[in-house]
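Notes for the one structure printed next.
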Amino acid sequence: MTSLIVFTLAAFLLGALLTYFVRQTALRLGIVDAPDGVRKLHNHAIPLGGGVAIYLAFTLMMLSLFLWPNRWRSEFLADWSYYAGFLISAGIICVLGLIDDRINLRGRQKLMGQFAAVTVLIASGLVIRKFTIFEWGFDLGLLAVPFTAFWML
Numbered sequence: 000m001t002s003l004i005v006f007t008l009a010a011f012l013l014g015a016l017l018t019y020f021v022r023q024t025a026l027r028l029g030i031v032d033a034p035d036g037v038r039k040l041h042n043h044a045i046p047l048g049g050g051v052a053i054y055l056a057f058t059l060m061m062l063s064l065f066l067w068p069n070r071w072r073s074e075f076l077a078d079w080s081y082y083a084g085f086l087i088s089a090g091i092i093c094v095l096g097l098i099d100d101r102i103n104l105r106g107r108q109k110l111m112g113q114f115a116a117v118t119v120l121i122a123s124g125l126v127i128r129k130f131t132i133f134e135w136g137f138d139l140g141l142l143a144v145p146f147t148a149f150w151m152l
C-alpha cells in the first residue's frame, strides 16, 4: 500500500512539474491558442501542449514501475509488449495533437495519424476477440482485428 501511495504522489508531482515546464515552453515557442473574437472568446493566449506533460509524466512513471523494485514489476515485465505498444501509440497521438495545434491538420490527416496509433496497438497484441452484451457473448473470429480498429478509431 505504501508503494502505491508513493507512486501516485510521485506521478502527481511529476505531472504538475512537467505541466509548468511545458506551459513555459509553449509560451516561449508561440504554441498558443490565440483569441480571434469569433469562436475563441478567451481574453489572452492559452498555451497548448498539456497532453505532452501528461504523456511524459505517465511514461516516466511506467518506466519507473519497470525499473524500480516493487510488487507489480513482474506483472509489468510479463506483458511488456502491451505497455510498449500503448506508450508508442500514445506518443503518436501526442505528437499528432501537437502538430494539429501548430498547423491545424485536416480531418483525414488526423485520421491517418490515429490509424497509425491503432495499428501499433493492434501489432502489440491488443485485439478485441469477443464481447458480451446482456449475457449474449459474441466471438468475433476473423473480424476481431477490423472490429478493434473500428472501435479504437
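The numbering of the sequence shown is numbering that gives the first Met the number 0, which starts it at 0 and goes up by one. We put the CB at the ideal spot given by N, CA and C, even for glycine. Given the structure is predicted, the values throughout are model-derived calculations rather than measurements.
The beta carbon of Ala89 sits closer than 7 Å to those of Tyr54, all from its chain and outside the five residues before and after it, given in chain order. Per the coordinates, the alpha-carbon of Ala9 lies some 30 Å from the alpha-carbon of Gly29. When C-alpha distances from Tyr81 are compared across Thr7, Arg105, Ile121 and Ala15, the shortest belongs to Ile121. For Trp79, the enclosing alpha helix (DSSP H) has its first and last residue at Trp79 to Ile102.
Counting every other CB atom within 10 Å of its CB across the protein chains shown gives Gly106 a total below 16, marking it as exposed. Out of Glu134, Asn42, Leu95 and Arg101, the CA that lies nearest to the CA of Gln108 is found in Leu95. Under DSSP, the beta-bridge partners assigned to Thr131 are Gly136. Leaving aside the five residues that flank His43 on each side, the residues in its chain whose CB is nearer than 8 Å to its CB run, in chain order, Pro34. With contacts defined by Cβ atoms closer than 8 Å, Val126 and Thr147 form a contacting pair. Between Phe6 and the set Val37, Ser123 and Leu64, the nearest pair of CA atoms involves Leu64. Between Phe114 and Leu152, the C-beta spacing is below 8 Å. Cα atoms of Trp150 and Gln23: separation of roughly 36 Å, rounded to the nearest angstrom. The distance from the Cβ of Cys93 to that of Gly50 is about 5 Å, consistent with a contact at the 8 Å cut-off. A straight line joining the alpha-carbon of Leu26 with that of Gly14 spans about 18 Å.
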